[in-house]
């Protein structure tokens with residue numbers, strides 16, 4: 375959806391480069407297992423797709439002659455360190471196994487949960503949030519939100535399915551969207567363009 | 002035994 379917006383409108387107005395770069399980092403840290411484990415063709419294709427789209431978005435926003443001029447750097451002020459440092463620290467302390475790949479994987483789970491924050495802050499400052507941006511954020515929130523239903527189903531049907539770190543992070547991630555979803559639903563019902571209160 | 006199980010989610 376986001377690539378569609380960027381390519382169709384030649385603009386990344388209202389999109390946080392910080393959030394996009396954090397997602398790229400999340401995917402790098404999480405999908406290192408592409409090199410040493412295989413689950414299914416679907417799984418591999420989706421991992422490569424996420425990596426490719428994340429890097430493509432960052433490339434457009436940073437280097438495309440036209441698109442990069444529409445990036446509002448002054449408004450996108452969230453500091454990386456405030457998200458990366460706590461997640462890194464937490465991953466070093468709270469993990470299933472103290473190995474490089476496991477800690478990086480855990481770090482990616484924690485970082486994904488909060489990576490949307492720069493985007494949410496930027497949207498609060500944006501007067502006219504375009505529909506594609508609003509829909510993109512809603513889909514991103516719904517994506518992890520729907521996992522919760524899947525986790526409940528798998529917990530009930532699979533014997534050794536316990537992933538506390540993933541579950542708690544996923545619920546926290548979805549909770550961060552609660553406020554956004556509330557206003558998204560209100561505006562959708564009223565058939566109005568999304569506006570977030572300052 | 003890896004107690005996290007197989008990481009089959011994205």
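Residue numbers (this note's numbering), protein chains in the order written: chain C, 375 to 572; chain F, 2 to 11.
Cβ atoms here follow ideal geometry from the backbone N, Cα and C, with glycine treated the same way.
It should be emphasised that the depicted structure is a prediction, and the values quoted were computed from it without experimental measurement.
| Residues that residue 417 (chain C) contacts on chain F, provided the C-beta gap is smaller than 8 Å | 9 and 11
| task | Could you please give the first and the last residue of the uninterrupted alpha helix (DSSP H) stretch that includes residue 348 (chain C)? | result | Limits of chain C in this structure are 375 at one end and 572 at the other, which puts residue 348 (chain C) out of reach.
| message | Using the three-state DSSP reduction, which class does residue 384 (chain C) fall into: helix, strand or coil? | response | Note: residue 384 (chain C) maps to coil in three-state DSSP.
| Sufficient close CB pairs (3 or more, under 8 Å) joining the stretch 415–430 of chain C to the stretch 454–471 of chain C | no
| Considering only residues of the stretch 495–539 of chain C, which uninterrupted alpha helix (DSSP H) runs meet the minimum length of 4 residues and lie entirely inside it, listed in chain order? | Correct list: 505–531.
| query | Mind checking if residue 394 (chain C) is an interface residue toward chain F, Cβ cutoff 8 Å exclusive? | reply | no
| Is residue 469 (chain C) buried or exposed, if buried means 16 or more other CB atoms sit within 10 Å of its CB? | buried
| task | Just the C-alpha distance for residue 406 (chain C) and residue 514 (chain C), rounded to the nearest angstrom, thanks. | result | Put simply, the backbone Cα of residue 406 (chain C) is about 22 Å away from that of residue 514 (chain C).
| Any idea what DSSP makes of residue 9 (chain F), helix, strand or coil? | coil
| Mind pulling the chain F residues with CB within less than 9 Å of residue 541 (chain C)? | Those within 9 Å of residue 541 (chain C) in chain F number zero; the least Cβ separation is about 11 Å.
| Going along chain F in order, which residues have a C-beta closer than 7 Å to the C-beta of residue 490 (chain C)? | Simply none; closest approach about 17 Å.
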